[in-house]
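Undergrad: My questions will all concern the structure given below.
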Amino acid sequence: MIGHIHSTESFGTVDGPGVRFVVFFQGCPLRCKYCHNPDTWDFAGGTERTAEDLMKEYDSYKEFLKTGGITATGGEPLAQPEFLAELFALAKSRGVHTCLDTSAGVYDPNSHEKIDEVLKYTDLVMLDIKHIDNDCHKELTGKGNRNILAFAEHIRDLGIPVWIRHVVVPGITDQYEELFALGEYLSNLSNLKALDVLPYHDMAKPKYEELGLEYPLGNTPPLTKDEAIKARETIIAGIKSGLHKQK
Numbered sequence: 116m117i118g119h120i121h122s123t124e125s126f127g128t129v130d131g132p133g134v135r136f137v138v139f140f141q142g143c144p145l146r147c148k149y150c151h152n153p154d155t156w157d158f159a160g161g162t163e164r165t166a167e168d169l170m171k172e173y174d175s176y177k178e179f180l181k182t183g184g185i186t187a188t189g190g191e192p193l194a195q196p197e198f199l200a201e202l203f204a205l206a207k208s209r210g211v212h213t214c215l216d217t218s219a220g221v222y223d224p225n226s227h228e229k230i231d232e233v234l235k236y237t238d239l240v241m242l243d244i245k246h247i248d249n250d251c252h253k254e255l256t257g258k259g260n261r262n263i264l265a266f267a268e269h270i271r272d273l274g275i276p277v278w279i280r281h282v283v284v285p286g287i288t289d290q291y292e293e294l295f296a297l298g299e300y301l302s303n304l305s306n307l308k309a310l311d312v313l314p315y316h317d318m319a320k321p322k323y324e325e326l327g328l329e330y331p332l333g334n335t336p337p338l339t340k341d342e343a344i345k346a347r348e349t350i351i352a353g354i355k356s357g358l359h360k361q362k
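Just remember that the numbering used here sits 115 ahead of the position in the sequence shown, which is counted from 1.
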């Protein structure tokens with residue numbers, strides 16, 4: 116089976132536990148205004164690779180990856196579910212930890228057999244929740260979030276550990292009420308193992324210029340470290356509130 120791969124990274128340190136071999140899948144259905152990989156959007160791009168080929172590349176670094184594993188990211192890896200399932204099955208057959216970094220924009224609650232095949236071989240999901248409000252999510256990414264939240268609940272029901280990622284953008288995803296509401300939602304995820312609150316940055320601007328694309332967020336200023344800490348505290352407060360209501 117052939118996968119369309121944008122690139123690989125041999126020593127990823129922010130893509131799951133430990134040092135990891137990171138596979139960037141080509142193609143994404145979302146158009147997040149702060150996306151820093153617009154070159155992964157086009158499904159027609161990328162390089163054709165096989166799962167065996169990628170695992171052979173992994174093996175060339177495996178001595179440095181003993182505390183980590185392999186992470187599939189993108190783009191959107193779940194947009195190529197058959198190939199991803201083959202890659203993860205091969206990794207698991209060799210005792211390699213597998214991590215899926217996804218926005219779940221392609222998940223369909225009424226038809227998810229192919230994605231379930233991927234999840235059979237997935238040790239950890241890193242799930243991006245862009246915005247807790249459906250309409251605001253659509254404004255930010257081009258699509259609503261209902262299928263994404265349905266995916267979060269699906270992997271909860273399957274008992275797959277999840278790390279939640281949330282990018283805080285000034286004026287867009289930094290409102291107290293929305294951050295608190297996100298936390299209350301997350302309180303329902305019994306499989307939640309970590310929360311990464313990521314400050315928005317504009318370092319992708321040169322890439323947009325190189326691709327001839329207009330940068331959607333214009334001169335939106337990067338989020339400060341203190342603002343990111345405050346946003347995380349608000350989400351945590353929401354989680355605690357949600358857990359208290361469940362008692």
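Ideal Cβ positions, reconstructed from N, Cα and C, are used throughout, including at glycine.
Determine the direct distance from the alpha carbon of F139 to that of D154, and round the result to whole angstroms.
TA: Their Cα atoms are separated by approximately 11 Å.
Undergrad: Tell me the start and end of each unbroken beta strand (DSSP E) in the region 135-166 that is at least 3 residues and wholly inside, in chain order.
TA: The qualifying runs are 135-140, 162-165.
Undergrad: Starting from the C-beta of G259, find all residues in its chain whose C-beta is less than 6 Å away, skip the five residues before and the five after it, and write them out in chain order.
TA: Within the same chain, G259 has close Cβ partners N249, H252, K253.
Undergrad: Quick one: what's got a C-beta closer than 6 Å to F126's C-beta in the same chain, skipping five residues either side?
TA: Here the set comprises V134.
Undergrad: Where in the region 167-241 do unbroken runs of the alpha helix (DSSP H), each at least 4 residues long, occur, reported from the N-terminal end onward?
TA: Runs of the alpha helix (DSSP H) inside the region 167-241: 196-208, 228-234.
Undergrad: If contacts are defined as beta-carbon pairs under 8 Å, then C143 and G184 qualify, I think. What distance do you get, rounded to the angstrom?
TA: Going by Cβ atoms, the distance from C143 to G184 rounds to 23 Å, so no, they are not a contact pair.
Undergrad: Which of helix, strand or coil does DSSP assign to K308?
TA: K308: strand per DSSP, three-state reduction.
Undergrad: Assign G220 to one of two classes, buried (16 or more other C-beta atoms within 10 Å of its C-beta) or exposed (fewer than that).
TA: Flag for G220 reads buried.
Undergrad: When burial is assigned at 16 or more other CB atoms within 10 Å of the CB, is D130 buried or exposed?
TA: It counts as buried.
Undergrad: Around the C-beta of P321, are 16 or more other C-beta atoms found within 10 angstroms, so that it is buried, or is it exposed?
TA: Exposed, because fewer than 16 other Cβ atoms sit within 10 Å of the Cβ of P321.
Undergrad: Just to confirm the assignment, what range does the beta strand (DSSP E) spanning H119 have?
TA: Counting along the chain, the beta strand (DSSP E) containing H119 begins and ends at 117-127.
Undergrad: Does the beta carbon of L301 come closer than 8 Å to any beta carbon on chain B?
TA: The question asks about chain B, but that chain is absent: this structure has only one protein chain.
Undergrad: Given a threshold of 16 other Cβ atoms within 10 Å of its Cβ, counted over all protein chains shown, does I117 qualify as buried or as exposed?
TA: Result: exposed.
Undergrad: Among G333, I247, M170, which residue has its Cα nearest to the Cα of R261?
TA: Per the Cα distances, I247.
Undergrad: Would you call the CB atoms of L234 and I270 closer than 8 Å?
TA: Contact flag set, yes.
Undergrad: Per DSSP, what are the beta-bridge partners of I279 in this structure?
TA: Looking at the DSSP assignment, I279 forms a beta bridge with L242, L310.
Undergrad: By how many angstroms is the C-alpha of A296 removed from the C-alpha of E124?
TA: Approximately 35 Å between the Cα atoms of the pair.
Undergrad: My output table needs one value for A267: the three-state DSSP class, helix, strand or coil.
TA: Helix at A267.
Undergrad: I want to know whether the region 298-317 touches the region 264-279 - three or more CB-CB distances under 8 Å.
TA: Yes: at least three Cβ pairs fall under 8 Å.
Undergrad: Using a 10 Å radius around the Cβ and a threshold of 16 neighbouring Cβ atoms, would you call Y222 buried or exposed?
TA: The residue is buried, with at least 16 neighbouring Cβ atoms inside 10 Å.
Undergrad: For P336, which three-state DSSP category applies?
TA: P336 falls in the coil class under three-state DSSP.
Undergrad: In angstroms, rounded to a whole number, what distance separates the CA positions of F179 and P132?
TA: So the two alpha carbons sit approximately 13 Å from each other.
Undergrad: Among Q195, F136, T182, T335, whose alpha-carbon lies nearest the alpha-carbon of E163?
TA: Out of Q195, F136, T182, T335, Q195 has the C-alpha closest to the C-alpha of E163.
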